Amino acid sequence: MNQTPPGNPAGQVSIASLDEAVALAKNLKEPGSIEQFVNWARKHSLWPMPFGTACCAIEFMGMVSSTVDISRFGAEFVRFSPRQCDLMIVAGTIVSKMAPVLRKIYDQMAEPKWVISMGSCSNTGGMFNTYSVLQGIDRIIPVDYYVPGCPPRPEAVVYAMLELQKQIAKETDIMKSREHFREAWVRGLKARGQTPKSQILHGKRESL
Amino acid sequence: MSELAQKAAGRLKSALGKKVLEILEDERGVVVRVGAADILAALSTLKADGETPFDMLSSATAIDWLHWQEETGLPQPKARFSLIYNLYSISGQTRIFVEAALGDGQTAPSAVELYASANWAEREMFDMFGIKFSGHPDLRRIYLADDFEGHPLRKDFPRHGRDPQDFPQE
Ligand code: SF4
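This is the structure in structure tokens:
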């Protein structure tokens with residue numbers, strides 16, 4: 001148990017992310033380094049908002065509990081209030097009656113925010129190719145990472161989260177880049193001949 | 209067990225006479241066929257039965273028989289829908305089914321006055337089949353969104369729903 005990590009003086013434990021922060025803090029005077037420091041803080045404090053509606057949410061529990069444990073990556077608190085979260089994990093089947101609720105909760109989250117779509121159901125409707133199920137949550141909200149699987153293993157979702165952290169570390173103007181991301185989402189929908197179902201944003205549900 | 213139900217069906221027959229169209233026994237148990245107008249008479253007689261009062265409505269549901277013959281080769285029922293009431297007698301520990309044929313667009317009498325549990329069951333039938341119940345206190349959709357169009361368990365409802373963007377029509 002008393003092993004010291006190689007390359008470290010005795011008794012000093014190295015935590016990679018902290019070392020990174022110390023290195024960043026040392027050159028705070030350089031241009032752009034403040035953003036980098038903020039990005040570092042941000043990527044290690046993603047608070048997930050679990051939007052669990054079906055079996056994938058059970059797998060999500062595995063992600064939070066001790067074996068996989070996303071708090072190792074700073075996603076310490078799973079909060080059920082959208083106001084306190086910046087990473088929405090949609091885990092489960094979204095029926096069309098639930099879709100306006102999903103959109104509303106997404107809108108209630110503060111910027112900047114990200115979305116991971118966990119499992120086939122939220123990606124594409126999955127095996128529920130039927131009248132009552134929304135065929136992919138990207139019809140109503142923009143999605144950053146799609147995790148395939150029915151259900152995906154917790155490791156797969158953690159992988160998506162780590163990819164998201166890498167992406168956050170590269171940001172320079174985060175608000176603008178989120179804005180661009182959302183515009184690209186709308187363009188993508190139009191290119192596929194779909195209209196964004198964001199009408200439900202304003203309480204209109206005709207097209208759902 | 210089914211003797212008790214058979215006896216109750218016999219008493220129902222002697223009370224209602226010709227209103228009871230048929231008494232049969234199949235894999236479900238004892239089934240009593242009545243006309244749609246006589247549903248309430250049959251239910252209230254069975255509920256007030258002296259020996260085995262059927263005091264619980266376990267479920268009430270409907271069947272849409274559209275395209276039945278084409279798809280199964282079995283004889284086509286004359287009416288489009290069947291209403292099926294599944295009654296249980298707690299003291300007699302036995303079950304009986306009341307079945308009634310209902311044409312498309314016809315209104316059925318609501319059994320909410322007799323059995324409180326009919327409330328949601330009838331709302332479900334309304335939601336899924338579009339069957340209307342007269343005298344129901346609160347007949348609106350129960351599962352689907354209020355602005356959903358159509359009734360999905362009708363056999364003429366498109367299998368994938370109505371949105372061509374989500375479901376390219378075959
Ligand atoms: S993708 Fe599979 S495991 Fe996940 S919610 Fe859908 S059916 Fe359940």
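Quick note, the sequences are listed as chains A and B, same order.
Throughout the first sequence, residue numbering follows my numbering, covering 1 to 208 in sequence.
Throughout the second sequence, residue numbering follows my numbering, covering 209 to 378 in sequence.
All C-beta atoms in this analysis are idealised placements derived from N, C-alpha and C, irrespective of residue type, glycine included.
All values reported here derive from a predicted model rather than from experimental measurement.
- In chain order, the residues positioned with their C-beta nearer than 6 Å to some heavy atom of the ligand SF4 are A54(A), C55(A), C56(A), G92(A), T93(A), G119(A), S120(A), C121(A), G126(A), C150(A) and P151(A).
- When DSSP assignments are scanned along the region 129-179 of chain A, the uninterrupted stretches of alpha helix (DSSP H) that are 4 or more residues long and fall wholly within it turn out to be 154-169.
- Here the C-alpha atom of T130(A) lies approximately 14 Å from the C-alpha atom of F356(B).
- In the same chain as A223(B), and ignoring 5 residues on each side of it, the C-beta atoms closer than 6 Å to its own belong to T253, in chain order.
- The C-beta of P285(B) has fewer than 16 other C-beta atoms within 10 Å across all chains shown, which makes the residue exposed.
- Contact of K97(A) with chain B by beta-carbon distance below 7 Å involves L352 and A353.
- P285(B) is outside the set of residues whose beta carbon lies under 8 Å from a beta carbon in chain A.
- Collapsing the DSSP output to three states places R303(B) in a strand.
- Pairing L361(B) with F337(B) gives a Cβ-Cβ distance under 8 Å.
- Around the Cβ of L347(B), a 10 Å sphere holds 16 or more other Cβ atoms; the residue is buried.
- Scanning chain A for C-beta atoms nearer than 9 Å to the C-beta of P360(B) yields T130, Y131 and S132, reported in chain order.
- The residue among I174(A), S132(A) and F80(A) with its C-alpha nearest the C-alpha of K97(A) is S132(A).
- Of all alpha-carbon atoms in L18(A), I34(A), S33(A) and M49(A), the one lying nearest the alpha-carbon of R72(A) is that of L18(A).
- Take the alpha-carbon of W276(B) and the one of L310(B): they are about 15 Å apart.
- The closest CA to that of R79(A), considering only G188(A), S45(A), A160(A) and P151(A), is found on S45(A).
- Every beta strand (DSSP E) of 3 residues or more that sits fully in the region 224-287 of chain B is shown, in chain order, as 228-234, 237-242 and 264-272.
- By alpha-carbon distance to K43(A), the top candidate from A91(A), G119(A) and A160(A) is A160(A).
- Residue environment: G218(B) is assigned as exposed (fewer than 16 neighbouring CB atoms within 10 Å of its CB, all protein chains considered).
- Around the Cβ of S299(B), a 10 Å sphere holds fewer than 16 other Cβ atoms; the residue is exposed.
- DSSP, read as helix, strand or coil, puts G311(B) in coil.
- Within the model, the alpha-carbon separation for S33(A) versus W40(A) is close to 10 Å.
- Around the C-beta of K113(A), 16 or more other C-beta atoms lie within 10 Å, and the residue is accordingly described as buried.
- Cα atoms of A250(B) and P283(B): separation of roughly 26 Å, rounded to the nearest angstrom.
- Going by C-alpha positions, R236(B) is about 14 Å away from E211(B).
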